[in-house]
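Asker:
Numbering (our numbering), first residue to last: 23 to 197.
Quick look at the structure:
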């Protein structure tokens, strides 16, 4: 079982509790549980995830509250349900979403964990994600242009050798 984000009475930090029953012959004998600091969890498991240059991962609870985020200011303070894109994430179990955050167009993929109801996501700016595609377009354009120039040059050379020169000889022979 997982709790939502709670405030620790000992440290005043944001925490969540993970608990698992201990069973013997089908009967519960006890419970193992752990209290996990959400900032530490975020630093260990969410913070290291890097997508492109500015992309990141995030984790939100079933109510939409941010559980883990590289920016500590969002942990247990930002509820994504207060944004249109956040409500869309919370209404779906999995998928891609396009949205604007701080005037930057972004794309994120998210998935709901069926046990906890938490949604983990990762995303980056559209510009960064599609930069390799745009670079490929430039390379393709350059290759196409070079191919066309080579074709024009080859045609000019062939035209001169196969058509123009014999025509000159023909014209000289007639005149």
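Backbone N, C-alpha and C define an ideal beta-carbon position, used for all residues, glycine too. It should be emphasised that the depicted structure is a prediction, and the values quoted were computed from it without experimental measurement.
1) For residue 149, report the span of its alpha helix (DSSP H) as first-last.
2) Near residue 25, what residues of its chain come up, given a Cβ to Cβ distance below 7 Å and the 5 sequence neighbours on each side ignored?
3) Looking at the secondary structure, which residues open and close the alpha helix (DSSP H) in which residue 195 lies?
4) DSSP puts residue 55 in a beta bridge; with which residues?
5) Measure the C-alpha to C-alpha separation of residue 4 and residue 127 and round it to an integer number of angstroms.
6) Take the Cβ of residue 122 as the centre, count every other Cβ of all protein chains shown within 10 Å, and call the residue buried at 16 or more, exposed below.
7) According to DSSP, simplified to helix, strand and coil, what is residue 47?
8) If you compare alpha carbons, which of 189, 67, 77 is closest to residue 130?
9) Just reading off the alpha helix (DSSP H) that residue 117 is part of, what are its end residues?
10) Would residue 79 and residue 144 qualify as a contact pair, given that the criterion is a beta-carbon distance under 8 Å?
Answerer: Checking against the coordinates, here is how it stands:
1) 148–180
2) 38, 39
3) 187–196
4) 41
5) The displayed coordinates of the chain run from 23 to 197. Any statement about residue 4 would go beyond what the structure contains.
6) exposed
7) coil
8) 77
9) Careful: residue 117 lies outside any alpha helix (DSSP H), inside the beta strand (DSSP E) at 116–123.
10) yes
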